[in-house]
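The structure appears right after this line, and notes come after that.
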Amino acid sequence: MVDRTAVVVGAGIGGLCAGLALRRQGWQVTILERAPAFGAVGAGIALFSNALTGLAALGVDAQIRAAGQVEAPGGTRTPDGRWLSRLDAADLVDELGTESLGIHRATLHEILLAALPEGTTTVTGAEVVEVVAGPPAEVTYVSGGARTTLRADLVVGADGLRSVVRRQLWPDTPDPVYVGATAWRGVTKQPWTGELLVGITWAPGAEFGMVPLGDGRVYWYGAVNAPVGQRAPDEMTAAREHFGSWHAPIPALLAATDPQAVLRNDLYHLGTPLHSYVTGAVALLGDAAHAMTPYLGQGAAQAVEDAVLLGLCLKPGTDVAAGLARYDAERRPRSQQVARASYQIGRIGQQLRNPLAVALRNVMIRLTPPRVALRSMARYADWRPPADLPD
Numbered sequence: 001m002v003d004r005t006a007v008v009v010g011a012g013i014g015g016l017c018a019g020l021a022l023r024r025q026g027w028q029v030t031i032l033e034r035a036p037a038f039g040a041v042g043a044g045i046a047l048f049s050n051a052l053t054g055l056a057a058l059g060v061d062a063q064i065r066a067a068g069q070v071e072a073p074g075g076t077r078t079p080d081g082r083w084l085s086r087l088d089a090a091d092l093v094d095e096l097g098t099e100s101l102g103i104h105r106a107t108l109h110e111i112l113l114a115a116l117p118e119g120t121t122t123v124t125g126a127e128v129v130e131v132v133a134g135p136p137a138e139v140t141y142v143s144g145g146a147r148t149t150l151r152a153d154l155v156v157g158a159d160g161l162r163s164v165v166r167r168q169l170w171p172d173t174p175d176p177v178y179v180g181a182t183a184w185r186g187v188t189k190q191p192w193t194g195e196l197l198v199g200i201t202w203a204p205g206a207e208f209g210m211v212p213l214g215d216g217r218v219y220w221y222g223a224v225n226a227p228v229g230q231r232a233p234d235e236m237t238a239a240r241e242h243f244g245s246w247h248a249p250i251p252a253l254l255a256a257t258d259p260q261a262v263l264r265n266d267l268y269h270l271g272t273p274l275h276s277y278v279t280g281a282v283a284l285l286g287d288a289a290h291a292m293t294p295y296l297g298q299g300a301a302q303a304v305e306d307a308v309l310l311g312l313c314l315k316p317g318t319d320v321a322a323g324l325a326r327y328d329a330e331r332r333p334r335s336q337q338v339a340r341a342s343y344q345i346g347r348i349g350q351q352l353r354n355p356l357a358v359a360l361r362n363v364m365i366r367l368t369p370p371r372v373a374l375r376s377m378a379r380y381a382d383w384r385p386p387a388d389l390p391d
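At position 332 of the sequence shown the residue is numbered 332 (the UniProt record's numbering), and the sequence of numbers has no breaks.
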């Protein structure tokens, strides 16, 4: 039997998971990455039960659990430290059957990269310039001044928010939409010696969150409503201006972070859902297919789900076109539902500014039993790979 070939465009979390999923099904895989080299990038990430279940299906859960931090108790507060709701980590396990976990993105990326089986080809510094949907599909890229065209039975567009694959093959899709908020992200330089908490703090038009990581440090982020494209000479100073007077341990977390390592990104999403994640022999996954706001913490998890399902749909002996149709039918409704929910949560959470609306929201949070609120959120993380897929 001739091995089937796949080209994965993008070597982020979704792209590496796609590579793992396809290799487990016997595909020969080439992964193209635009960055000149793999390196430590990003900040922290919280992996909920659906992400952990998907990573277990890819055979890397043991390494990730060993490198991550099982989440601690926490809840939701106001900037003066008043609790709106409190949640014990055990409640999360009761609701979902597993805990969530905090890990540095760079650590997760290293684990996924190391897990790629021998024979997987990775090419860095590869700028994709043309994609043909096929079948067979073709990808042309430039690396080191040389132009190369690969022909493949499958191309996976896992190249993120500004996907070249999507732009070329879904040309009628509107550009990503700015959601009206910008976010700073950082990780403490040293292991945190204070109390470990997972928390969100809401003020009108602003949010601060913290997640303990497996190496003992703490990942934090802060988001505020702002015009698009604003930047500060010193982003840590800008973050302190917004959050430096908030309750403990927020000022201490900021002080424990290297100012030069603070990241700032405006928040975008795909405001117009795609009518399909598939065209010809090309499939989109992750942010390329359904870039969403971060308010549910589901962006990476949905990419993991995509990758696992794509592999299951393209088992040995399956017709590629039929498998891609099943992938689209399974993944598009769920991922787009999660994206809509994340957007709506942002509207009533971080982005809410009207004082009366904020006061009403806070009262509703205080009156809602924490387990009830958790159950309403947990349904988005309640996912397992299907045991069987329809023919």
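Here a beta-carbon is modelled for each residue, glycine too, at the ideal position from N, C-alpha and C. Bear in mind the structure is a predicted one, so any value in this text is a computation, not a measurement.
Output yes or no for whether 7 Å exceeds the beta carbon distance between residue i and residue j.
{"i": "Val278", "j": "Asp328", "result": "yes"}
{"i": "Ala21", "j": "Gly311", "result": "yes"}
{"i": "Gly14", "j": "Val308", "result": "no"}
{"i": "Arg166", "j": "Ala288", "result": "yes"}
{"i": "Ala46", "j": "Ser100", "result": "yes"}
{"i": "Met210", "j": "Gly199", "result": "yes"}
{"i": "Thr293", "j": "Ser342", "result": "yes"}
{"i": "Ser57", "j": "Pro316", "result": "Residue identity differs from the one stated: residue 57 is Ala in this sequence, not Ser. The answer is no: Cβ separation not under 7 Å."}
{"i": "Tyr295", "j": "Leu161", "result": "no"}
{"i": "Gln168", "j": "Val131", "result": "yes"}
{"i": "Leu352", "j": "Val358", "result": "yes"}
{"i": "Leu314", "j": "Gln28", "result": "no"}
{"i": "Thr188", "j": "Thr257", "result": "yes"}
{"i": "Val338", "j": "Gln298", "result": "yes"}
{"i": "Pro370", "j": "Ser85", "result": "yes"}
{"i": "Leu32", "j": "Leu112", "result": "no"}
Rank the options by C-alpha distance to the C-alpha of residue i and give the top, closest one.
{"i": "His104", "options": "Trp202, Gly44, Cys313 and Asn354", "result": "Gly44"}
{"i": "Ala239", "options": "Lys315, Glu207 and Asp215", "result": "Glu207"}
{"i": "Asp61", "options": "His109, Arg82 and Gly42", "result": "His109"}
{"i": "Asp80", "options": "Cys313, Asp3, Leu374 and Phe243", "result": "Phe243"}
{"i": "Tyr380", "options": "Thr76, Asp258 and Pro333", "result": "Pro333"}
{"i": "Val156", "options": "Ala106, Thr368, Ala281 and Ala66", "result": "Ala281"}
{"i": "Glu118", "options": "Gly229, Thr140, Arg23 and Asp266", "result": "Arg23"}
{"i": "Thr76", "options": "Leu197, Arg147 and Arg231", "result": "Leu197"}
{"i": "Trp83", "options": "Leu253, His247 and Gln351", "result": "His247"}
{"i": "Thr30", "options": "Asp3, Phe48 and Val41", "result": "Asp3"}
{"i": "Val177", "options": "Arg331, Leu270, Ile111 and Glu138", "result": "Leu270"}
{"i": "Val41", "options": "Ala283, Val228 and Thr107", "result": "Thr107"}
{"i": "Glu235", "options": "Val218, Gln260 and Ser245", "result": "Gln260"}
{"i": "Asn265", "options": "Ala387, Gly186, Ala252 and Met364", "result": "Gly186"}
{"i": "Pro135", "options": "Val142, Leu150, Tyr141 and Ser143", "result": "Leu150"}
{"i": "Ala114", "options": "Ser85, Ala133 and Gly59", "result": "Gly59"}
{"i": "Ile64", "options": "Arg340, Ala255, Arg331 and Leu213", "result": "Leu213"}
{"i": "Val218", "options": "His290, Phe38, Leu253 and Trp202", "result": "Leu253"}
{"i": "Pro191", "options": "His275, Gly349, Thr140 and Gly216", "result": "Gly216"}
{"i": "Gly205", "options": "Ala35, Pro355, Leu52 and Ala378", "result": "Pro355"}
{"i": "Ile348", "options": "Thr140, Ala203 and Ser245", "result": "Ala203"}
{"i": "Arg34", "options": "Trp220, Leu52 and Ser143", "result": "Ser143"}
{"i": "Leu52", "options": "Asp88, Gly102 and Ala37", "result": "Gly102"}
{"i": "His275", "options": "Arg361, Leu360 and Pro171", "result": "Pro171"}
{"i": "Glu330", "options": "Thr120, Ala66, Leu285 and Arg361", "result": "Leu285"}
Quick check on the burial criterion: 16 or more other C-beta atoms within 10 angstroms. Buried or exposed for residue i?
{"i": "Asp153", "result": "buried"}
{"i": "Glu305", "result": "buried"}
{"i": "Glu241", "result": "exposed"}
{"i": "Ser376", "result": "exposed"}
{"i": "Val9", "result": "buried"}
{"i": "Gln344", "result": "exposed"}
{"i": "Asn50", "result": "buried"}
{"i": "Arg147", "result": "exposed"}
{"i": "Gly12", "result": "buried"}
{"i": "Gly19", "result": "buried"}
{"i": "Gln230", "result": "exposed"}
{"i": "Gly145", "result": "exposed"}
{"i": "Gly326", "result": "It is Arg, not Gly, that sits at residue 326 in the sequence shown. Buried, by the Cβ-count rule."}
{"i": "Ala6", "result": "buried"}
{"i": "Trp383", "result": "buried"}
{"i": "Ala137", "result": "buried"}
{"i": "Ser335", "result": "buried"}
{"i": "Asp391", "result": "The pLDDT assigned to Asp391 is 49, lower than 50, so where the model puts this residue is not dependable; a value taken from the coordinates is nonetheless given after this. Asp391 is exposed by the Cβ-count criterion."}
{"i": "Pro249", "result": "buried"}
{"i": "Met1", "result": "Reliability of the predicted coordinates at Met1 is poor, the pLDDT of 49 falling under 50, and no value is obtained from them."}
{"i": "Val372", "result": "exposed"}
{"i": "Thr120", "result": "buried"}
Any heavy atom of the ligand ZN closer than 6 Å to the CB of residue i?
{"i": "Thr76", "result": "This structure does not include the ligand ZN; it has no bound ligands of any sort."}
Taking contact to mean 3 or more Cβ pairs, one atom from each stretch, closer than 8 Å, check whether the segment 67-76 and the segment 115-130 are in contact. Touching, no, given that fewer than three Cβ pairs across the two stretches are closer than 8 Å.
State whether the segment 181-189 contacts the segment 218-230, with contact taken as three or more CB pairs (one from each stretch) at a distance under 8 Å. Yes, the segment 181-189 touches the segment 218-230.
Considering only residues of the segment 36-62, which uninterrupted beta strand (DSSP E) runs meet the minimum length of 3 residues and lie entirely inside it, listed in chain order? The qualifying runs are 44-47.
Entirely within the segment 231-301 and at least 3 residues each: give me those beta strand (DSSP E) ranges in chain order. Taking only runs of at least 3 residues, the beta strand (DSSP E) segments lying wholly in the segment 231-301 are 263-269 and 282-284.
Enumerated in chain order, which unbroken segments of the beta strand (DSSP E) with a length of 3 residues or greater are wholly contained in the segment 187-225? Here the runs fully enclosed are 198-203, 206-212 and 218-225.
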